[in-house]
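**Student:** Pasting a structure here, questions to come.
2 protein chains.
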Amino acid sequence: MIELSESSAGVIADRFRALAEPMRLRLLNSLRRGEMSVGELAEQTGAGQANASKHLQVLLQQGFVERRKEGTTTWYRVADPAVFELCSLVCGGIEEGLERRRKLLRRRG
Amino acid sequence: MIELSESSAGVIADRFRALAEPMRLRLLNSLRRGEMSVGELAEQTGAGQANASKHLQVLLQQGFVERRKEGTTTWYRVADPAVFELCSLVCGGIEEGLERRRKLLRRRG
DNA sequence: TGCTTATATTCGTTGATAGTTGAATATCAA
DNA sequence: TTGATATTCAACTATCAACGAATATAAGCA
């Protein structure tokens, strides 16, 4: 955690919050295949166009994606490969978490 | 990201959301020193007692912390060291993110 | 039985954010 | 210019989580 200072907790939390939405995770997942337009992303993820655009801006602001404009089209791509490491770590913890919850339920029930 | 399935996006997002609060990050940071009681954690982080208790349960549910009860006292400890790797990765991306935002502002301004 | 301490839970208020809709903007082709 | 397409912006509603205050639960002790 690199000595979490008081003030940086908010900044770190903001970054985690950007990844704390299923739709944004789906968008990032689609972008694993490479650069894609907002329209393509909206279609693949099932988000409306306005929604996809808004979520992509959150990811852009946090530096997880980059974009370039070409005519009327805006192309998005993954900017920070660390995001996939983050997801892998989180995925790894999910089974443990489930097991832990089962234990708790057993204890209480 | 280990092939993110549609259904798992929500589960992963839940885990990220547990880390998307400054107070919970502060609680985890305090727990780096070792096992601590709810009261101690509330004092160290400046959270009220009720707040600390609630946040700790979120972390407990997601498997980031474990606890044991001893009389009237409940002791919490970090259960999943991966949480510190997560924070390190996020911290590493913060400088890049800031630089990226500066670029955007320059482009627009 | 009370009384104290430590933790958990409930309730009400407040602020933040997702999603939708419709308008506004920008580009390209005819 | 006009029309078609792609994207962004603004406003609205609904939902969710944080926080504080008060209360509940539970253990330890006189």
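Residue numbers (the numbering used here), protein chains in the order written: chain A, 25 to 133; chain B, 25 to 133.
Ideal placement from N, C-alpha and C gives every residue a C-beta, glycine not left out.
Tell me the DSSP secondary structure of T98 of chain A in three-state form.
**Tutor:** In the first sequence, residue 98 of chain A corresponds to position 74, counting from 1. Strand, per DSSP.
**Student:** Which bits of chain A does E59 of chain B rub up against, with CB to CB less than 8 Å?
**Tutor:** Numbered from its first residue, the second sequence carries residue 59 of chain B at position 35. Near E59 of chain B there are no residues of chain A at all, since even the closest Cβ is about 17 Å away, more than 8 Å.
**Student:** Applying the 10 Å Cβ sphere with the 16-neighbour rule, what's the burial state of R50 of chain B?
**Tutor:** Residue 50 of chain B sits at position 26 when you count from the first residue of the second sequence. The residue in question, R50 of chain B, is buried, as its Cβ has 16 or more Cβ neighbours within 10 Å.
**Student:** Does chain B have any CB closer than 9 Å to the CB of N53 of chain A?
**Tutor:** Counted from its first residue, the first sequence places residue 53 of chain A at position 29. It does: the Cβ of N53 of chain A has a partner Cβ on chain B nearer than 9 Å.
**Student:** What did DSSP end up calling E45 of chain B once you bin it into helix, strand or coil?
**Tutor:** Looking up residue 45 of chain B in the second sequence gives position 21. Residue state, collapsed to three classes: coil.
**Student:** Taking 9 Å as the cut-off, decide whether the C-beta atoms of A76 of chain B and G87 of chain B are in contact.
**Tutor:** On the second sequence, residue 76 of chain B is found 52 positions in, with the first residue counted as 1. On the second sequence, residue 87 of chain B is found 63 positions in, with the first residue counted as 1. Going by C-beta atoms, A76 of chain B is not nearer than 9 Å to G87 of chain B.
**Student:** Which two residues bound the contiguous alpha helix (DSSP H) that contains G72 of chain B?
**Tutor:** Looking up residue 72 of chain B in the second sequence gives position 48. It is not in any alpha helix (DSSP H) - G72 of chain B carries neither H nor E in the DSSP assignment.
**Student:** Does any residue of chain B have a CB that is nearer than 9 Å to the CB of G72 of chain A?
**Tutor:** If you number the first sequence from 1, residue 72 of chain A lands on position 48. G72 of chain A does not count as touching chain B.
**Student:** Provide the residue(s) that pair with E90 of chain A in DSSP beta bridges, ordered along the chain.
**Tutor:** Within the first sequence, numbered from 1, the residue matching residue 90 of chain A stands at position 66. E90 of chain A pairs with A:R101.
**Student:** For A33 of chain B, would you say it is in contact with chain A, using Cβ-to-Cβ distances shorter than 9 Å as the test?
**Tutor:** The residue labelled residue 33 of chain B in the question sits at position 9 within the second sequence. By this cut-off, A33 of chain B is an interface position.
**Student:** Nearest to M47 of chain B by alpha carbon, out of B:A33, B:V114 and B:G72?
**Tutor:** Residue mapping note: residue 47 of chain B aligns to position 23 of the second sequence, counting from 1. M47 of chain B has its Cα closest to that of B:G72, out of B:A33, B:V114 and B:G72.
**Student:** Whose C-beta lies closer than 8 Å to the C-beta of H79 of chain A among residues of the same chain, with five residues either side of it excluded?
**Tutor:** Within the first sequence, the letter at position 55 stands for residue 79 of chain A. Excluding residues within five positions, the ones whose Cβ falls inside 8 Å are E45, M47, R48, L51 and A71.
**Student:** Hey, out of A:G116, A:G95, A:Q81 and A:C115, whose CA is closest to R101 of chain A's CA?
**Tutor:** As a first step, residue 101 of chain A is located in the first sequence; it is residue number 77 there, counting from the start. Answer by Cα proximity: A:Q81.
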